[in-house]
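Residue 255 in the UniProt record's numbering sits at position 255 of the sequence shown, and the numbers go up by one each step.
Shown next, in structure tokens, is the structure this report addresses.
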Amino acid sequence: MKQDMIVILDLGSHENTVLARAIRALGVYSEIYPHDITVEELKKLSNVKGIIINGGPCNIVDGVAIDVNPSIYEAGIPVMAAGHDKATCAVKLPQFTDDIEAIKAAVKPFVFETCKAEANWNMTNFVNDQIELVRRQVGDRKVLLALSGGVDSSVVAALLLKAIGNNLVCVHVNHGLMRKGESEDVVEMFGNQLKANLIYVDVTDRFLTKLEGVEDPEQKRKIIGGEFIRVFEEEARKLDGIDFLGQGTIYPDIVESGTKTAKMVKSHHNVGGLPEDLQFELVEPLRQLFKDEVRACGLELGLPYEMVYRQPFPGPGLGVRCLGAITRDRLEAVRESDAILREEFQLAGLDKKVWQYFTVVPDFKSVGVRDNARSFEWPVIIRAVNTIDAMTATIEQVEWPVLMKITDRILKEVKHVNRVCYDMSPKPNATIEWE
Ligand code: XMP
């Protein structure tokens, strides 16, 4: 289905993504393009009903004045640009605001009255379109997908499964640094319930052996990332006749790779460092979606709420929360305390409120008392933060009774732990993770 589109030309405004989301929330599809797009390039895009130049003429980016191609105004497409006499419509957009409602109200007359765009962008249409496009791209060939169980890979899996069924081959690598029950959930949901073609690889021992004695956080990340690719590559080599690699690339990844710098918007062709002879063609059905739209897409595909509204989880997993050199007993303490924290946050309704929450176990011990005797055991640190974009973050002011219940349970249920602390630090000066 051809959907109408409003094109936003990027003059370095930080509000472009908010603007695109606001237009999509009105039911009209919108994409962001570099300011110097030519009329010819613009005409190759289908169903462009209007152009919004956000930021006015002659914007200064990095000390250089930039403006759109003047011929854009003669392309026969309505242009909305504050302060330009050739614009069809000159509305000053609310600046420096994340208020989607205010932006929606400001652009609504332009989108519907001036451009006569039709509100035909919604998740049902999106999913149907993508299924059709994937079938056209892939035919009866096979797609390989690394299914971590995170939001993006889960939604891609559900979509590809609908489109090509068993020609999708999912590989779930359990590196032993997953949260409690996480790998089991992936197998249950995709293997048992959705009957996906799922290969489950448990490489816990291999990862923990590689990580033995490695203290440096960057070194740990490198080992985890590198080993992950090697395992995935080994699995890929065992399979025959795979032509495509499914990826959970989403719109922010694409926008960030090609706006202000005036390059054409292009996909991140990042196959995660796979070797030359394993270069697949990419299938990226979510590449047009913002994160909240990815979640809506997941719900549309029938995935459970808890799966599509999961909190973010770093690629290196619990490996960066078991500080310093990872040991099995401390890793177990992180996993068990994290499970308790998640359970109690859910009971207190905090799981829907707090952006990210987890526990950390440092690599030092403190003195305590257990069964009337001196103990020398690990502390557990609780971290709960809120943020818009993960660049800065504030701490959640969790109520004392909730914290005390969590503390009580951790001290009773988690082995080798005698102390629980709450991390009060915002980002900056701290980061969200400890490593
Ligand atoms: P920091 O610790 O930098 O984290 O404040 C910001 C956000 O990014 C997540 N994070 C990662 N995500 N791979 C990921 O996919 C990683 O290596 C990684 N490190 C940090 C972190 O959980 C937080 O949400």
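Backbone N, C-alpha and C define an ideal beta-carbon position, used for all residues, glycine too.
Predicted model only: the values in this text are computed from it and were never measured.
| Query | Result |
| --- | --- |
| Heavy atom of the ligand XMP within 7 Å of Ser221 beta-carbon | In the sequence under discussion, the amino acid at residue 221 is Arg, which differs from the Ser named in the question. The answer is yes for Arg221. |
| Cβ-heavy atom distance, residue 483 to the ligand XMP, below 7 Å | Not covered by the structure: residue 483. The range shown for the chain is 1 to 435. |
| Exposure of Ala119, with buried meaning 16 or more beta-carbon neighbours within 10 Å | exposed |
| Endpoints, beta strand (DSSP E) assigned at Lys50 | One point to set straight first is that residue 50 is Gly, not Lys, in the sequence displayed. Note, Gly50: beta strand (DSSP E), 48–54. |
| Contact under 8 Å by Cβ, Glu435 with Ala325 | no |
| Contact check, Asn386 vs Glu399, beta carbons under 8 Å | no |
| Coarse secondary structure for Glu281, derived from DSSP in three states | strand |
| Proximity test, Gly315 beta-carbon vs the ligand XMP heavy atom, cut-off 7 Å | yes |
| Limits of the alpha helix (DSSP H) - the one that Lys238 falls within | 217–238 |
| Coil, strand or helix - Leu19 by DSSP | helix |
| Residue 451 - DSSP class collapsed to helix/strand/coil | Residue numbering for the chain in the displayed model covers 1 to 435; residue 451 lies beyond these limits and cannot be assessed. |
| Heavy atom of the ligand XMP within 7 Å of Glu433 beta-carbon | yes |
| Sub-8 Å separation of Gln167 and Thr204 beta-carbons | In the sequence under discussion, the amino acid at residue 167 is Asn, which differs from the Gln named in the question. Taking 8 Å as the Cβ cut-off, Asn167 and Thr204 do not qualify as a contacting pair. |
| Thr114 (DSSP reduced to helix, strand or coil) | helix |
| Assumed close pair Gly50, Met80 - CB separation to whole angstroms, cut-off 8 Å | 7 Å |
| Within 8 Å, strictly: CB atoms of Glu413 and Ile340 | yes |
| Cβ contact (3+ pairs, closer than 8 Å) linking the stretch 125–133 and the stretch 84–103 | no |
| Given 8 Å, three or more beta-carbon pairs between the stretch 278–291 and the stretch 244–251 | yes |
| Nearest residue (CA-CA) to Thr327, options Asp363, Val151, Cys297, Ala390 | Asp363 |
| Per-residue burial, Pro285 [other beta carbons within 10 Å of its own, 16 or more giving buried] | buried |
| Neighbourhood of Glu182 by C-beta, 7 Å cutoff - its chain only, sequence neighbours within 5 removed | Gly149 |
| Cα-Cα separation between Arg34 and Leu11, rounded to whole angstroms | In the sequence as displayed, the identity of residue 34 is Pro instead of Arg. Straight-line Cα distance between these residues: approximately 7 Å. |
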